[in-house]
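Note that my numbering gives residue 1162 to position 68 of the first sequence, counting from 1, and the numbers run on in steps of one.
Think of the CB as a built atom: it goes at the ideal place given N, C-alpha and C, for glycine as much as any other residue.
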Amino acid sequence: MTSMGSSTRICAGWVPKVGNKIHLSARQGGKETDLANQDNTPAAENGASEQESLHHLIETRLEKMTELGKQVTLYPYAYERTHTSTELRATEEALTAAEEKVRFPGRIMAKRGTGKTLFVPIQDEWGKIQAYFRKDDLGEDKFHQIQKLIDIGDWIGVEGTLFRTRTDELSIKVEDFTFLSKAIRPLPEKFHEMSLENKSRRRHLDLAMNLDSRERFKLRSRIISDIREFFVQEEFLEVETPVLQPLYGGATARPFTTHHNALDMTLYMRIADELYLKRLIVGGLEKVYEIAKDFRNEGMDRTHNPEFTMLECYAAYWDYHGMMDLTERMLRRLALRFGQDGKLTYGGLEMDFNQPFARIRFMDALAEKTGQDLMAMDTEKLTGLAKGFGVVIKKGMGRDKILDELFSELVEPELVQPTFVMDHPKELSPLAKAHRETEGLVERFELFIAGFEVANSFSELNDPREQRLRFEDQKALMEAGDDEAQPIDEEFLQAMEQGMPPTGGMGMGIDRLVMLLVDTNNIRDVLLFPHMRPEQTDSGNSTEGGTS
RNA sequence: GCGCCACUAGCUCAAUUGGCAGAGCAACUGACUCUUAAUCAGUAGGUUCGGGGUUCGAUUCCCUGGUGGCGUACCA
């Protein structure tokens, strides 16, 4: 094994086993030597011709790499670029007129040969530029390199002058080129969409093959930057609070649990930032916000990922009206910057953010839908009413929970235009302040757009006595078996007892917001690396499979 | 979680009433000095997701496990 050439050592050493059980061999003088048997590969993987085809493709490329390595540096350290593809297109005229030499690096996306010439689209982050190679210009060896030894998927830098082909394709007439890196695995096929699974699982391939996917993620990045800019403008302070928390809170959800070895203690991944941000308000920071990953140990689907990005902001002296205004300013700004004239299209629905957002009361909306005043109804009557509307009511649901179900069923789907829904029932909002006028309600709003919830906000509860009672209610729920109820956070209560000013707070799911702005209904389209189940069990089979 | 459906070459997909598994792209060999889904001629590539069962014979039928899609429940 040690006597083998460099390519074989490379292949045994670092060809990843991810997903595919490739067993590697190197061909020596036409004879196959099985490397897998000599490596520490588990014996189970030594099936005769497993993954033969892919294996063969990789082997071929490794052989070419060995050959190429005799002529050029395989992994050079840097490349000096003169222009990006965008810049080449923008300054084409001047560059062509001056016959200026350009240096352009990127990935080879195709090869179209006609004997002694070769057309090679090279792709950088922004797009493709075609490179034109002529044997007469490059000489025998160099042309052999690009024609035979360099593959689709490899990275090269080309140097030459710009021109237009007969078919009017902007191209670089290559005078010299530099090999930059090898792809020993083939790129996916070029003119069919990859499956959603493959795109999500192998994002590097999705990004390499689909420029629209690149654009979508770049848009996400710009949206988040813009939100930061907005908060700077609004004079909020960006802060960072702990991901690992001794107690979780600020939302109703099951947490991920982890363990700190040195302290020998259980820690939780945060489900919300809320309780820490409020401590900062207690401390005297008047306007704070955080854009952060939260973690919730719950189901996954088209709109849920176990880790997701949440915006939370708090402002001292504000109530939920102030937060409503802030939220409206922010979304109008986003719609103006990322939509068309302040309008967005989502799933064929058009939403106009130029007009003042509708503001409706939770109970009013329900009254309108049902034709009855639900405030006066007891649980039993409500259950009957809900069933009448086809809403499934489970045993043990409280009055407010039933109202919430009714609302989700009857009202939410119709809230297409940006709409603030205000003044919710109390039970579902343990951190919100009681409504200043109406008994049994809290000062809260949710913003709905295109039928789903985008933001949630309260006049924050700041009376520590009331907060303690609410926590105790939660504790009772927890003891009754509700594993989403919040535990009592004594340290947070202590902070509040120190005196918390009137405060408005708002939380917004950033992934949902981005989905709205890029018009997709799948969260995987806006997460670079959505959570996926492992593709294959490594040892594959008999021990776990088969027996029930 | 639960229900329904899917899984075939590196990628995207065909086909088999249960009887030698097929195409395009990618790869390889050759031809071609303006191609752009380049073209033309040829070659190679498969434990049909894993395990078990029924059968003379299973990729196809049955059971079971895995992964995915859609729906549903909880939630942002």
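If contacts are defined as beta-carbon pairs under 8 Å, then D1414 and R1564 qualify, I think. What distance do you get, rounded to the angstrom? It is worth fixing the name first, because residue 1414 is Tyr in this sequence and not Asp. So it is not a contact: roughly 17 Å between Cβ atoms.
With a CB to CB cut of under 8 Å and the five nearest residues on each side skipped, what residues in its chain are close to L1162? L1168, Q1239, L1243, I1244, F1273 and K1276
Backbone CA spacing between A1130 and D1577 [nearest angstrom]: Note that A1130 scores 32 on pLDDT, short of 50, meaning its location in the model is unreliable; the coordinates nonetheless yield the value given after this. Cα to Cα, A1130 sits roughly 48 Å from D1577.
First through last residue of the alpha helix (DSSP H) which encompasses F1542: No alpha helix (DSSP H) contains F1542, which is instead part of the beta strand (DSSP E) from R1538 to I1543.
Going along the chain, which residues of its own chain have a beta-carbon closer than 7 Å to the beta-carbon of L1428, five neighbours each way excluded? I1317, D1320 and L1611
Could you name the residues of the same chain whose beta carbon sits closer than 6 Å to that of G1200, not counting the 5 residues immediately before and after it, in chain order? I1216, Q1217 and D1218
Reducing DSSP to helix, strand and coil, say where Q1239 ends up. helix
On the three-pair Cβ rule with 8 Å, is the region 1415–1435 touching the region 1583–1601? yes
Quick one, which of L1264, R1297, L1443 and V1485 has its alpha-carbon nearest T1180's? L1264
Spatial neighbours of F1257 within its chain, please: CB distance less than 7 Å, with the 5 preceding and 5 following residues excluded, ordered by chain position. T1190, S1265 and K1267
Inter-stretch contact at 8 Å, needing at least 3 Cβ pairs: the region 1224–1233 / the region 1195–1214: yes
Hey, would you say Q1561 sits closer than 9 Å to L1535, going by beta carbons? no
Expressed to the nearest angstrom, what Euclidean distance is found between the alpha-carbon atoms of L1374 and G1484? 45 Å
Suppose you measure from the CA of T1351 to the CA of R1390; what does that come to, to the nearest Å? 10 Å
Close Cβ partners of F1669 (< 6 Å) along its chain, the five nearest in sequence each way excluded: Any answer about residue 1669 is impossible in this case: the structure gives the chain only from 1095 up to 1642.
DSSP three-state label for T1403, please. strand
E1329 - DSSP class collapsed to helix/strand/coil: coil
CB E1566 to CB I1582, shorter than 9 Å? yes
Whole angstroms is fine: what's the gap from G1233's alpha carbon to R1308's? 37 Å
CB-CB under 7 Å to L1571, same chain, minus the five flanking residues each way: which ones, in chain order? A1579
Using the Cβ count rule (16 or more neighbours within 10 Å means buried), how would you classify P1624? buried
Quick one, are the C-beta atoms of P1507 and G1478 less than 9 Å apart? no
Could you give the distance in angstroms between the alpha-carbon of D1467 and the alpha-carbon of A1459? 10 Å
Report yes if the C-beta distance between R1493 and D1472 is below 9 Å; otherwise report no. yes
Please identify the residue among F1271, F1237, R1260 and A1470 whose C-alpha is closest to the C-alpha of G1251. F1271
Reference S1315; option with closest CA among V1376, I1604 and V1382: I1604
Taking D1613 and Y1362 to be in contact with their CB atoms under 8 Å, please state how far apart those CB atoms are, rounded to whole angstroms. With a Cβ gap of about 35 Å, D1613 and Y1362 do not count as contacting.
Entirely enclosed beta strand (DSSP E) segments - the region 1538–1601, minimum 3 residues: 1538–1543 and 1546–1553
Report yes if the CB atom of E1401 is closer than 9 Å to the CB atom of Y1383, and no otherwise. no
To which residues of the same chain is V1620 closer than 6 Å at the C-beta, ignoring the five residues directly before and after it? R1314, D1605, V1608 and M1609
Among the candidates L1555, V1515, A1528 and K1569, whose CA atom is the shortest distance from the CA of E1547? V1515
Figure out for me which residue from A1188, E1187 and Y1173 has the closest Cα to the Cα of F1198. Y1173
State the Cα-Cα distance for the pair K1475 and P1519, rounded to the nearest angstrom. 17 Å
When D1388, P1558, D1306 and F1456 are compared against V1056, the one with the closest alpha-carbon: Because the chain is modelled from 1095 through 1642, residue 1056 falls outside the range shown and cannot be assessed.
Anticipated Cβ contact below 8 Å, I1202 with H1398, distance rounded: With 8 Å as the limit, I1202 and H1398 do not qualify as a contact, their Cβ atoms being about 39 Å apart.
Are the Cβ atoms of R1455 and D1517 separated by less than 9 Å? yes
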